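Counting from 1, position 165 in the sequence shown corresponds to residue 165 in our numbering; the numbering is continuous, with no gaps. Below is one structure, written out as structure tokens; comments come after it.
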Amino acid sequence: MRSLVVIFLHEPADTAAYMLEYLTARKIDFATFRCWEKGVVQTIPNSLDELVHCVPVEGKPHHFIPVSSTSIVSSEDGREGKPTSYLALSGVESFRIRGVASFGGSMSVNDQLPYFDSIRSLMRSCIVTRTPVIGHCLGGQLLSSALGGRVKPSENCEIGWWDIKVEEAEEAKDWFGGRKFINVFLIHTESFTIPSGARRIATGTHCTNQAFQVGDQFAIGMQFHPEVDERKVRALTAPKFPFLYTEEEVAAIRKEEDADEKENGSRACGEVFGTNRRISARMSPAAMTRDAIDKCLSEGRIELNRPIADSIYDTWCSGFLC
């Protein structure tokens, strides 16, 4: 029986981006579970003992989507038809799971969405069976939560590209291609604790826990996004987001709070940061401006990140390709 990688997507803007390109280029089959779509939640497996029933995506090699045990078949005139067994649907295949990946979303792990329990159960099944699992941002938080870790407000809201230090840890795999530092994209307001049985393998100045490995396994939870392409960065930063401003808006905030302090003697700003500059309570020292993010994109930051993503995914995939 064939096997594939299961990919969980939680919101339309938070795509798998480069990972799909990576897997397709290496002829690795995968199924994307778009968890916001009707009927998809019912198809999420709770353990590796369950098979995944999928149909291929037309025109996209190696890409599949799940079908439920009863799927709605439409009539020729477009009217909704009656439920039918997936076994009666043309092109449905059953797969074993060889790896699990989860991406990000604006929701919190603490929101306790009903389908989170299924994903956490599947992640625990991966750890028990030593099946590779990888979590990006919310996905990393779900992996931590699945293993008893906690998700709480981050020390700082991180937005944009920041340097992350790779830490040496016992039995840690070479996720980052021998690099001592990586510069990666982040956008989050919460972060995970390191769960029991895992060890931290990357740390940051503004947020301590950036990545962990579970035991000696091909299992990694990350707070950052190595997979982003330009389209995804723009989608994630397009909406209003805490602490995300243009340079003009930052200047206006500083001007307003400086004037307020002079008039009322208020201390609207936080701790000292840099030379004679206090960071506003409305700003984060770890948040790039929209202008700075645009500059990074125009200077080719996405292309510079590709070797980092390749190193991470090469290591993860080696767990099921060996």
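Positions of the beta carbon are idealized from the N, C-alpha and C atoms, including for glycine. Computed from a predicted model, the values in this text were never measured in an experiment.
Under the 10 Å beta carbon count, Thr315 is surrounded by 16 or more other beta carbons and is classified as buried.
Cα atoms of Ala16 and Asp258: separation of roughly 42 Å, rounded to the nearest angstrom.
Here the C-alpha atom of Lys180 lies approximately 16 Å from the C-alpha atom of Trp161. For Phe243, same chain residues with a beta-carbon under 7 Å away, outside a window of 5 residues either side, are Cys157, Ile159, Met283, Ser284, Ala287 in chain order. Distance from the Cα of Val92 is smallest, within the candidate group Gln210, Pro66, Asn46, Thr237, for Pro66. Nearest to Pro114 by C-alpha distance, out of Glu11, Phe224, Val41, is Val41. Counting along the chain, Cys126 sits inside the alpha helix (DSSP H) bounded by residues 116–129. As for any alpha helix (DSSP H) of minimum length 4 sitting wholly inside the segment 6–53, the runs are 18–25, ordered along the chain. The residue among Val166, Arg130, Arg98 with its C-alpha nearest the C-alpha of Phe224 is Val166.
Between Arg290 and Thr237, the CB-CB gap stays under 8 Å. For Cys322, the closest C-alpha among the options Gly99, Gly104, Ile194 is that of Gly99. Where Asp294 is concerned, the enclosing alpha helix (DSSP H) starts and stops at 290–298. Straight-line spacing of the CA atoms in Thr246 and Ala25 works out to 37 Å. If you look at Phe181, you'll find it in the beta strand (DSSP E) that goes 181–192. Gly148 counts as exposed, since fewer than 16 other C-beta atoms from the protein chains shown sit within 10 angstroms of its C-beta. Distances from the alpha-carbon of Leu51 to those of Ala31, Pro61, Lys38, Pro132 put Ala31 closest. Under the three-state reduction of DSSP output, Glu248 falls in the helix class. In terms of Cα proximity to Ala292, the closest of Phe320, Ser311, Glu248 is Glu248. In this structure, Gln213 sits away from Ala146, with a CB-CB distance that is not shorter than 8 Å. With respect to the 8 Å criterion, His206 and Gly104 are not classified as neighbours on the basis of their beta carbons. The shortest C-alpha to C-alpha distance from Asp29 to any of Ser3, Phe8, Ala172, Gly140 is the one to Ser3. If you compare the alpha carbons of Ile7, Glu256, Ala13 with that of Leu20, the shortest gap goes to Ile7.
Ranked by how close their Cα comes to the Cα of Ser68, the residues Leu143, Val228, Ile44, Lys60 have Ile44 in first place. DSSP places Phe64 inside the beta strand (DSSP E), whose first and last residues are 63–66.
Closest in C-alpha terms to Val5, from the list Ala219, Ser108, Pro132, Gln112, comes Pro132. Shortest Cα-Cα distance from Lys27 to any of Pro61, Ser154, Pro56, Asp14 involves Pro61. For Val151, the enclosing beta strand (DSSP E) stretches over residues 151–166. Assignment of Thr237 by DSSP, reduced to helix, strand and coil, places it in the helix class. Measuring C-alpha to C-alpha distances from Gly215 to each of Leu138, Arg231, Ala172 identifies Ala172 as the nearest. Around Ser118, the same chain offers Val41, Ile44, Pro45, Asn46 as residues with beta carbons nearer than 8 Å, after the five sequence neighbours per side are excluded.
Between Arg150 and the set Gly59, Pro226, Asn110, the nearest pair of CA atoms involves Asn110. Taking the CA atoms as reference points, Pro195 sits about 28 Å from Leu23.
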